[in-house]
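> Protein chains in written order, with my numbering: chain X, 51 to 569; chain U, 6 to 452; chain G, 226 to 350. For every residue, glycine included, the Cβ atom is placed at its ideal position computed from N, Cα and C. I'd like to ask you about the structure that follows.
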């Protein structure tokens, strides 16, 4: 039986609307939507192709036998299916999406239009160089902006996302150490770091040594110094850090790390807080990836694709991966193999990077210019501090003072209410907001990390703040049951994640024949 | 500035609420020497008209595939993408949402990824698939590292017919990630005995089908030899449309399948973003990298979907994670799944037949050109020509005749002069018979 | 009654002759939440005191189960693979993980008894 059909629309939500039973299972604009596999019919399709010319096959006898099992749907059915699915998603376009450390800022549509120009979208990655001069010029322009904004002399563009950029940066460091004849193995990573940092260090063959945070939410400088030694290859530090704070000792950290001959890797996930105002090169950074989908607003797309270029210091630049672009007498050229004095560490991706994201990011940069990139980072920090200031009397800020682009609270204000961080976040959904990042960073108990971004107007923030104040008051007033039952107004309510993990169902399978089902 | 909502009055009111005098004052933790007083030396903000002009000028300097008869493949293929695909993926609810960490407000993304996982499992003939990787090469190296974990061995054997960029990516990760890579020589005739290279240290054998030269092979015997040695067979597919016609890797005994999915739903985009596919056997799922969507129910008993088996991933396992990968290629996976939904069974197999038939026609036309011979006895929609002189120069000349005539061996294997006379030629449903005749004529003139 | 001892990592061990039955404490299962998966060692594996013996996972957490004393794995609780919920419902009964042939009974002296462990746990919250 099709589980999603023939159910009442009843939920346990209160109010008159919840009592209405619908035959279809739909509820007004909220549609139940079966899987495509439950809608297919043999002999139906959504694409009309010319018939294949009759030829003698040359498949070497390796021909598929039997059907694949793909469903057949017409174009209108496909359009409706995905339209209905889209309506079950929360998005930046629909409301405030204050997901800390993820930077859910507005995605300008001009960026989409530019990326779809056939002069870019319809270029094959292996076309002769003479036919792609404009594309190489665009990549070079993007590189110029990234280098100028960071003050760094080089950039590796091929990494496919932030974590891939981390891998690129850390391997560059390993290659540079190897060129010095050294095999340092330890990498210092703060406890507050994003999980990709230790995972990346381990993937590059390093051992992770974690350093604690101090009471101010920054790297504990004394603990850091105590860890220094000849076996340290690098420090991986996020700045501004995952608590939304600027590492005020960062220049000292850089000096110490360089003094022992190690390198400073900066996780640039939060570069959006300082872009146009602070150049990472001036802080002593050797390598930093930039998430184009955060700082430069290429769309998150439900979890990718990202793009993670890595800026590099002069010491690391020779080891940058293939391919890269050079400019010579006959124009731009993509270097795809080792040549000259360069000592590339290898290749990271099938081709030379996320071109579609490069176009979007450069479009964003040109739209903003140096002046409005600076204004944007200023407004991002302003918005986070406004939220912090307006909520600090009813919620509990994790640290004193102002913050950078995101405001971090702990669950102290929920103590003894019977309401957890998760419950609080789920109640926000019924208020029409996407929850903030929860339980990250790990160094703060029951963390709630709010990143409004520069895209939110004061009016939108005021409604958001009023909602959070109201929820905090209800939690303190003993309405725990209200929170435990949240969310009520969503297409699905809390889902059973334990069941999903204990008996994983990772794909649809055709229903068993009736004879078996009856047993 | 059109993207920034605050008026100066808003900013003043907000600063007053915070209790600071200026936005600059909020940056007081930045060491004074690192604070820039004014804008960096780059251009100032521009309206849409000016930006379109600047970006458009660069686009206009390119000669794109649609302006010529294009026969390029080697890991990226120009297919026709139905209009509905781009319309749907630009819906803001898909485009501007994040990773579905809050399942109650992300059922749309979760359901299409569950459908995507099912489609990938079906076309590859495997039991399960993940929610996608960056691209084909990264998917391939993740498959190798997964095999290393499953077998607790550390040596990968790569077929000579594996795309050289994939080989380079695997070698890069091996060099720094602590595993050994042994690669066969690229033989355009496709003759290699990988089974004899397998030893007790071997975790996996990686073979591409169709190979980079285009050969289609039955891998069953290799699968049996691999299994006998306690290693895993990884099958790489760079042209996913081939699976509409060619025996799927699962039916030949593959343990892991790593593919490039660009061909469905995604434009060439000068190399990215693309979408990596990864499928395997159910028993290996806990060693799989990347996001997985699973079915469950909500508190009202209604069917729904969630991210599951997350303890494999970096945000929980940190340095012990199966991979450092964090994102998938969500929007490209969406484009893929919509295109495949539109095609359906008949459309997908029909598309594959059309591609193969066109390639057979083209091979006959080009093989008849003096100075060119077809190397392959089998192929899907891509084959290798041997020319009487270096292919790179031929390709450059063809450009002037309105033809993007394939990928020269020298481009893919710059260090192997013996492959410089090879030309990899691909054709798809987008090439008309007129294009093919133009190509054959131009090639005859150039040679 | 058999002697039960506890480690600071929240494993328990019940000694029956030369054999120690190992599992995780009620406190540990509460902290983890619903257990969804366990990874058990191969029989015959030798483990050192404090070394990794098994892995236990909930939806949002994964942790190692350390051997409270050194020994050789002589049995594992296969029921946990199909029904990891036993760890939540009966952490010190049907939810046991493995049996160790003890290498050095003297190491038991380093562990806490029931009362000491209760005091230790009380000090954590």
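1. Check whether the Cβ atoms of residue 295 of chain X and residue 269 of chain X sit closer than 8 Å, and answer yes or no.
2. Going straight from the alpha carbon of residue 190 of chain X to that of residue 281 of chain U, what length do you get?
3. To the nearest angstrom, how far is the alpha carbon of residue 232 of chain U from that of residue 274 of chain G?
4. Please state whether the Cβ-Cβ distance between residue 147 of chain X and residue 455 of chain X is less than 8 Å.
5. Answer with buried or exposed for residue 500 of chain X, where buried requires no fewer than 16 other C-beta atoms within 10 angstroms of its C-beta.
6. Determine the DSSP secondary structure at residue 218 of chain X, reduced to helix, strand or coil.
7. Is residue 322 of chain U close to chain G, meaning its C-beta is less than 8 Å from at least one C-beta of that chain?
8. Quick check: what's the CA-CA separation for residue 525 of chain X versus residue 346 of chain G?
9. If I measure Cβ to Cβ from residue 128 of chain X and keep anything under 6 Å in the same chain, skipping five residues before and after, which residues do I get?
10. Determine the chain G residues that contact residue 548 of chain X at a beta-carbon separation under 7 Å, and present them in chain order.
11. Chain X partners of residue 333 of chain U, CB-CB under 7 Å?
12. Please state whether the Cβ-Cβ distance between residue 536 of chain X and residue 477 of chain X is less than 8 Å.
13. Taking C-beta pairs closer than 7 Å, name the residues in chain U that residue 287 of chain G reaches, listed in chain order.
14. Looking at the structure shown, is residue 382 of chain X part of a helix, part of a strand, or coil, going by DSSP?
15. Count the other CB atoms within 10 Å of the CB of residue 409 of chain U; is the residue buried (16 or more) or exposed (fewer)?
16. Do residue 385 of chain U and residue 250 of chain U have their beta-carbon atoms positioned less than 8 Å apart in this structure?
17. The ligand NAD and residue 253 of chain X: does any heavy atom of the ligand fall closer than 7 Å to the residue's C-beta?
18. Can you check which of these residues, U/324, U/226 and U/428, is closest to residue 245 of chain X by C-alpha distance?
19. Taking only three categories from DSSP, how would you classify residue 57 of chain X?
20. How about residue 309 of chain G: is its C-beta nearer than 8 Å to some C-beta of chain X?
21. To test your reading of the DSSP string, which unbroken beta strand (DSSP E) runs of 3 or more residues are found completely within the segment 292-337 of chain X?
22. Is residue 552 of chain X close to chain G, meaning its C-beta is less than 8 Å from at least one C-beta of that chain?
23. Any beta carbon of chain X sitting closer than 8 Å to that of residue 176 of chain U?
24. Can you pull the chain X neighbours of residue 40 of chain U, defined as C-beta to C-beta under 8 Å?
25. Less than 8 Å separating the beta-carbons of residue 387 of chain X and residue 152 of chain X?
26. Between which two residues does the alpha helix (DSSP H) harbouring residue 23 of chain U extend?
27. Inspect the CB distances between the segment 245-261 of chain G and the segment 306-315 of chain G and report whether three or more fall short of 8 Å.
28. Between the C-alpha atoms of residue 54 of chain X and residue 357 of chain U, what's the straight-line distance to the nearest angstrom?
29. In chain order, what residues of the same chain have a beta carbon less than 8 Å from the beta carbon of residue 314 of chain X, not counting five sequence neighbours either side?
30. How many Å lie between residue 447 of chain U and residue 406 of chain U at the Cα?
31. What does the Cβ neighbour count give for residue 520 of chain X, buried or exposed, with the cut at 16 atoms within 10 Å?
32. Please confirm if the segment 78-89 of chain X is in contact with the segment 103-123 of chain U, defined as three or more CB-CB distances below 8 Å between the two stretches.
33. Label residue 204 of chain X either buried or exposed according to how many other C-beta atoms from any shown protein chain fall within 10 Å of its C-beta, with 16 as the threshold for buried.
34. Would you please verify whether the beta carbon of residue 151 of chain U is less than 8 Å from any beta carbon of chain X?
35. Using only CA atoms, which one of X/219, X/242, X/81 and X/137 lies nearest to residue 489 of chain X?
For this structure:
1. Looking up residue 295 of chain X in the first chain gives position 245. Looking up residue 269 of chain X in the first chain gives position 219. For residue 295 of chain X and residue 269 of chain X, no; Cβs fall outside 8 Å.
2. On the first chain, position 140 is the one that residue 190 of chain X refers to. On the second chain, position 276 is the one that residue 281 of chain U refers to. Across the structure, residue 190 of chain X and residue 281 of chain U are spaced so that their CA atoms are roughly 26 Å apart.
3. The residue given as residue 232 of chain U occupies position 227 in the second chain. The residue given as residue 274 of chain G occupies position 49 in the third chain. Distance between the alpha carbons of residue 232 of chain U and residue 274 of chain G: 36 Å.
4. Locating residue 147 of chain X in the first chain gives position 97, counting from the first residue. Locating residue 455 of chain X in the first chain gives position 405, counting from the first residue. At least 8 Å separates the beta-carbon of residue 147 of chain X from that of residue 455 of chain X.
5. Along the first chain, one-based indexing puts residue 500 of chain X at 450. Buried is the call here.
6. As a working note, residue 218 of chain X is residue 168 in the first chain. DSSP, read as helix, strand or coil, puts residue 218 of chain X in helix.
7. By one-based count along the second chain, residue 322 of chain U stands at place 317. With a threshold of 8 Å between beta carbons, residue 322 of chain U makes contact with chain G.
8. Against the first chain, residue 525 of chain X aligns to sequence position 475. Against the third chain, residue 346 of chain G aligns to sequence position 121. Within the model, the alpha-carbon separation for residue 525 of chain X versus residue 346 of chain G is close to 29 Å.
9. By 1-based counting over the first chain, the position of residue 128 of chain X is 78. Excluding the 5 residues flanking it on each side, residue 128 of chain X has same chain C-beta neighbours closer than 6 Å at 96, in chain order.
10. Here residue 548 of chain X refers to the residue found at position 498 of the first chain. Within 7 Å Cβ-Cβ: 259, 261 and 284.
11. Within the second chain, numbered from 1, the residue matching residue 333 of chain U stands at position 328. Proximity of chain X to residue 333 of chain U at the Cβ level (cut-off 7 Å) is accounted for by 353 and 354, in chain order.
12. For the purposes of this step, residue 536 of chain X is identified with residue 486 of the first chain, where counting begins at 1. For the purposes of this step, residue 477 of chain X is identified with residue 427 of the first chain, where counting begins at 1. Cβ distance < 8 Å, so residue 536 of chain X and residue 477 of chain X count as in contact.
13. As a first step, residue 287 of chain G must be located in the third chain, where it is residue number 62. Near residue 287 of chain G (Cβ distances below 7 Å), the residues of chain U are 316, 321 and 322.
14. The residue labelled residue 382 of chain X in the question sits at position 332 within the first chain. When secondary structure is reduced to three states using DSSP, residue 382 of chain X falls in the strand class.
15. Position 404 of the second chain, counted from the start, is the residue given in the question as residue 409 of chain U. Burial call: buried.
16. By 1-based counting over the second chain, the position of residue 250 of chain U is 245. By 1-based counting over the second chain, the position of residue 385 of chain U is 380. Judged by their CB atoms, residue 250 of chain U and residue 385 of chain U are nearer to each other than the 8 Å cut-off.
17. Within the structure as shown, the ligand NAD is missing, as the structure has no ligands at all.
18. What you label residue 245 of chain X is simply residue 195 of the first chain in a count that begins at 1. For residue 245 of chain X, the nearest C-alpha among the options comes from U/324.
19. Stepping through the first chain from its first residue, residue 57 of chain X is reached at position 7. With a pLDDT of 39 at residue 57 of chain X, under the threshold of 50, the modelled position of this residue cannot be trusted; read the value that follows with caution. Note: residue 57 of chain X maps to coil in three-state DSSP.
20. On the third chain, residue 309 of chain G is found 84 positions in, with the first residue counted as 1. Using a Cβ-Cβ cut-off of 8 Å, residue 309 of chain G counts as an interface residue toward chain X, since at least one Cβ of chain X sits closer than that to its own.
21. As far as the segment 292-337 of chain X is concerned, its whole beta strand (DSSP E) runs of at least 3 residues are 313-317.
22. Here the question's residue 552 of chain X lines up with position 502 in the first chain. Yes - at least one Cβ of chain G is within 8 Å of the one on residue 552 of chain X.
23. On the second chain, position 171 is the one that residue 176 of chain U refers to. Interface residue, yes.
24. On the second chain, position 35 is the one that residue 40 of chain U refers to. 327 and 328, listed in chain order.
25. What you label residue 387 of chain X is simply residue 337 of the first chain in a count that begins at 1. What you label residue 152 of chain X is simply residue 102 of the first chain in a count that begins at 1. The answer is no: Cβ separation not under 8 Å.
26. Indexing the second chain from 1 puts residue 23 of chain U at position 18. Where residue 23 of chain U is concerned, the enclosing alpha helix (DSSP H) stretches over 13-23.
27. At 8 Å Cβ cutoff, the stretches touch.
28. If you number the first chain from 1, residue 54 of chain X lands on position 4. If you number the second chain from 1, residue 357 of chain U lands on position 352. Residue confidence is low: residue 54 of chain X scores 39 on pLDDT, short of 50, so the model does not pin down where it sits. Its coordinate-derived value is still stated next. Between residue 54 of chain X and residue 357 of chain U, the C-alpha separation is close to 34 Å.
29. As a working mapping, residue 314 of chain X is identified with position 264 in the first chain. Around residue 314 of chain X: 284, 285, 287, 303, 304, 307, 308, 334, 335, 336 and 337.
30. Position 442 of the second chain, counting from 1, holds the residue named residue 447 of chain U. Position 401 of the second chain, counting from 1, holds the residue named residue 406 of chain U. Residue 447 of chain U and residue 406 of chain U: Cα-Cα distance of roughly 6 Å.
31. Counting from one through the first chain, the residue named residue 520 of chain X turns up at place 470. Of the other Cβ atoms in all chains shown, fewer than 16 fall within 10 Å of the Cβ of residue 520 of chain X; this residue is therefore exposed.
32. Yes, since at least three Cβ pairs between the segment 78-89 of chain X and the segment 103-123 of chain U fall closer than 8 Å, the two stretches touch.
33. The residue you call residue 204 of chain X lines up with position 154 of the first chain. Residue 204 of chain X is buried by the Cβ-count criterion.
34. Taking the first residue of the second chain as 1, we reach residue 151 of chain U at position 146. Under the Cβ criterion of 8 Å, residue 151 of chain U is not counted among the residues facing chain X.
35. On the first chain, residue 489 of chain X is found 439 positions in, with the first residue counted as 1. The shortest Cα separation from residue 489 of chain X among X/219, X/242, X/81 and X/137 belongs to X/242.
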